[in-house]
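Just so you know, my numbering puts 142 at position 105 of the sequence shown, and the rest follows in order with no gaps. By construction, the Cβ of each residue, glycine as well, lies at the ideal position given by its N, Cα and C atoms. Notes for the one structure printed next.
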Amino acid sequence: MSTLPVVAAVDGSDDSLRALEWAVDAARRRAVPLRVAHVRQYAHWAQPEVLAAGPADPRDDPVLTQVRTHLEGRADQPDTEYVGLEGAAGAFLPELGATAQLLVLGSRGRGGFASLLLGSNSMAAARDAECPVVVVPRPGREVHGEAPGGPGPRVVVGLKVDGPDEATLEFAFAEATRRGARLQAVAAYPWPAQPWMMPGEMPPPIVDQDVIEDETRILADGFLAPYRERHPDVPIQVIPAAGDAAGYLVAASRDADLVVVGRHRRRLLSPVHMMGSVTHAVLLHAASPVAVVPPAISAD
Numbered sequence: 038m039s040t041l042p043v044v045a046a047v048d049g050s051d052d053s054l055r056a057l058e059w060a061v062d063a064a065r066r067r068a069v070p071l072r073v074a075h076v077r078q079y080a081h082w083a084q085p086e087v088l089a090a091g092p093a094d095p096r097d098d099p100v101l102t103q104v105r106t107h108l109e110g111r112a113d114q115p116d117t118e119y120v121g122l123e124g125a126a127g128a129f130l131p132e133l134g135a136t137a138q139l140l141v142l143g144s145r146g147r148g149g150f151a152s153l154l155l156g157s158n159s160m161a162a163a164r165d166a167e168c169p170v171v172v173v174p175r176p177g178r179e180v181h182g183e184a185p186g187g188p189g190p191r192v193v194v195g196l197k198v199d200g201p202d203e204a205t206l207e208f209a210f211a212e213a214t215r216r217g218a219r220l221q222a223v224a225a226y227p228w229p230a231q232p233w234m235m236p237g238e239m240p241p242p243i244v245d246q247d248v249i250e251d252e253t254r255i256l257a258d259g260f261l262a263p264y265r266e267r268h269p270d271v272p273i274q275v276i277p278a279a280g281d282a283a284g285y286l287v288a289a290s291r292d293a294d295l296v297v298v299g300r301h302r303r304r305l306l307s308p309v310h311m312m313g314s315v316t317h318a319v320l321l322h323a324a325s326p327v328a329v330v331p332p333a334i335s336a337d
């Protein structure tokens with residue numbers, strides 16, 4: 038079991054305090070320390086080429102003082118460390134993930150435009166951090182579509198049947214185990230089928246959607262089998278989804294404890310971290326916290 042801390046990034050906003058509460062609970066469930074970090078932004082008029090970046094004294098940081106007061110006196114508080122940094126938050130936040138098992142932050146901070154659904158710092162952390170990143174949204178997000186029902190806690194995971202990511206599935210199962218939750222695996226398949234044809238070619242036979250859905254379910258069950266064995270106490274529901282994977286995941290986020298999605302693997306001709314369109318859409322619109330899981334190092 039990893040003893041690396043859960044890191045909560047705070048900036049004094051209500052969004053970051055909601056993320057802090059989520060991080061406290063996550064550290065408690067994992068029985069690991071909590072690290073609370075605040076990155077003080079440089080003044081907008083300063084010249085970046087003459088600025089130094091690095092640690093600051095956390096005792097002189099009013100945001101960290103606010104957090105200490107907020108957490109003071111809790112009987113079940115995990116061991117907590119406070120870290121103050123000065124510099125560009127978009128650069129520092131992903132680096133915090135190098136020594137963490139989980140990085141938690143709010144969907145919006147104090148800066149930027151209030152109308153944005155996701156802040157640039159949250160996006161940078163989800164895209165670049167080495168550890169899984171949980172983004173906690175503001176309450177009251179409305180989602181459309183029918184959410185899969187059922188009582189009790191629920192973790193949702195996006196499953197790509199044409200290339201499932203082991204790190205994403207393992208994270209989702211482990212989180213469902215910690216929460217005593219059932220796991221819903223949304224397995225999307227393209228529909229309607231639109232085959233490519235060369236001029237003069239005969240059109241392919243009509244594809245039965247029920248057949249495609251059954252094949253998707255069979256593939257998904259096969260990929261999930263080893264995780265079922267390792268996590269026998271987690272009830273699993275496979276949800277074949279025709280077409281829009283992001284739409285199904287966002288709909289499933291209503292009243293969910295967590296939605297888990299993967300981050301793109303690095304590609305040979307683009308050796309940088311990438312955020313897929315489905316993950317991006319889920320971060321923007323999900324009503325529940327969203328965990329973005331980087332691929333395993335061996336898969337890069």
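So, is residue i buried or exposed, given that buried needs 16 or more other C-beta atoms within 10 angstroms?
i, result
"ALA162", "buried"
"ASP292", "exposed"
"VAL165", "Checking the displayed sequence, the identity of residue 165 turns out to be Asp instead of Val. ASP165 should be labelled buried."
"PRO188", "exposed"
Between the C-alpha atoms of residue i and residue j, what's the straight-line distance to the nearest angstrom?
i, j, result
"VAL44", "ARG175", "19 Å"
"HIS301", "GLU203", "12 Å"
"ALA128", "LEU71", "21 Å"
"ILE273", "ALA184", "16 Å"
"VAL61", "GLN246", "45 Å"
"ALA354", "VAL297", "No answer is possible for residue 354: it lies beyond the span of the chain, which begins at 38 and ends at 337."
"GLN78", "LEU321", "24 Å"
"THR40", "ILE249", "43 Å"
Return helix, strand or coil for residue i, following the three-state DSSP convention.
i, result
"LEU41", "coil"
"GLU58", "helix"
"HIS81", "Below a pLDDT of 50, predicted positions are generally treated as unreliable, and HIS81, at 46, falls in that range; the measurement from the model is reported next regardless. In the structure shown, HIS81 sits in coil (DSSP, three-state: anything other than H, G, I, E or B)."
"ARG111", "coil"
"GLU123", "strand"
"ARG164", "helix"
"GLY195", "strand"
"SER179", "Rather than Ser, the amino acid found at residue 179 in this sequence is Glu. Here GLU179 sits in coil by DSSP."
"GLY143", "strand"
Apart from the five residues on each side of it in sequence, which residues of its chain come closer than 6 Å, Cβ to Cβ, to residue i?
i, result
"LEU206", "TYR264"
"ALA213", "VAL192, LEU220 and VAL271"
Leaving aside the five residues before and after residue i along the sequence, list all residues of the same chain whose C-beta is less than 7 Å from its C-beta, in chain order.
i, result
"ALA135", "GLU167"
"SER290", "VAL180, VAL193, VAL296, ALA323, ALA324 and SER325"
May I ask you to check if the CB of residue i is nearer than 7 Å to at least one heavy atom of the ligand FMN?
i, result
"GLY217", "Absence of the ligand FMN is noted for the structure shown, with no ligands found whatsoever."
Query raised in the report: Within the chosen definition, does the region 136-144 reach the region 96-110 through at least 3 CB pairs nearer than 8 Å?
Result: Counting C-beta pairs closer than 8 Å gives fewer than three between the region 136-144 and the region 96-110, which falls short of the contact rule.
Report task. Report yes or no: do the region 191-201 and the region 250-258 share at least 3 C-beta pairs separated by less than 8 Å? Result -> yes
Report task. For the region 259-279 and the region 309-328, state whether three or more C-beta atom pairs, one from each stretch, are separated by less than 8 Å. Result -> No: the two stretches stay apart, fewer than three of their Cβ pairs being nearer than 8 Å.
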